[in-house]
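Read the structure below first, then the notes.
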Amino acid sequence: MHEIRRARPSDVDAVVELVHALAAHEGAPEKCHLTPEQLHEALFRPAPALYGHVATVDDHVVGYALWFLNFSTWRGTHGIYLEDVFVRAEHRGSGLGKALLSTLAAECVAQGYTRLEWVVLESLASTIEFYKSIGAVPMAEWKLFRLTDEPLRRLGS
């Protein structure tokens, strides 16, 4: 039996393992440095800025979604930014990925949030087709920028 629910402290180790599995799936395992302590602190501090859901099968965590709030100045409302969604390979195609996204969409509706957003690697064609099949629209006119490491430190000093 499967279940989609909010992540609990007891799920942290399994979610961290899945985050590392996602990094390997995307061909960059050496870039993933998340520890259980970091994830626990982010999810369960008194005023968390990160939220999570897990997909379980027979009480084993086999998928997750980690997300946080964003804000649209044009719409004047919050939305959800989905940082990661991942389901173990042996459970893909079972509906768990869609169930995780459906849960986040329901969260948006319940809270009055007006959008659910995420990015996907261009090389993941089947994933992109899945997202399109549920009505997601690629934002081709937008280009993602990121500042990390030395350029971040340089600009911040």
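Numbering (numbering that gives the first Met the number 0), first residue to last: 0 to 156. For every residue, glycine included, the Cβ atom is placed at its ideal position computed from N, Cα and C.
Where residue i falls: helix, strand or coil (DSSP)
i	result
Ile133	coil
His59	strand
Ser9	helix
Glu16	helix
His24	helix
Phe144	coil
Leu65	strand
Ala139	coil
Ala54	strand
Given residue i as reference, the closest of the options once Cα atoms are compared
i	options	result
His52	Ser9, Ala22, Glu89, His19	Ser9
Trp66	Leu42, Val86, Tyr50	Tyr50
Gly96	Thr113, Thr126, Leu146, Gly75	Thr126
Arg114	Leu123, Ala124, Ser122, Ser101	Ser101
Ala23	Arg153, Ser156, Ala64, Arg87	Arg87
Glu25	Pro35, Asp83, Ser93, Tyr112	Asp83
Ala32	Glu106, Leu42, His19	Here the sequence assigns His to residue 32, which means Ala is not the residue at that position. Looking at the Cα atoms, His19 is the closest of the given residues.
Arg74	His59, Gly111, Ser93	Gly111
His59	Gly155, Glu128, Ala6, Leu151	Ala6
Val11	Leu38, Leu68, Gly94	Leu38
First and last residue of the uninterrupted alpha helix (DSSP H) at residue i
i	result
Gly155	148 to 155
Leu42	35 to 43
Start-to-end residues for the beta strand (DSSP E) that takes in residue i
i	result
Glu29	Element bounds for Glu29: n/a, residue is neither H nor E.
Leu81	76 to 86
**Asked** Does the region 68 to 79 come close enough to the region 133 to 149 to have 3 or more Cβ pairs within less than 8 Å?
**Response** no
Scan the region 89 to 127 and note each continuous alpha helix (DSSP H) run of 4 residues or more that stays entirely inside, going in chain order.
-> 95 to 110
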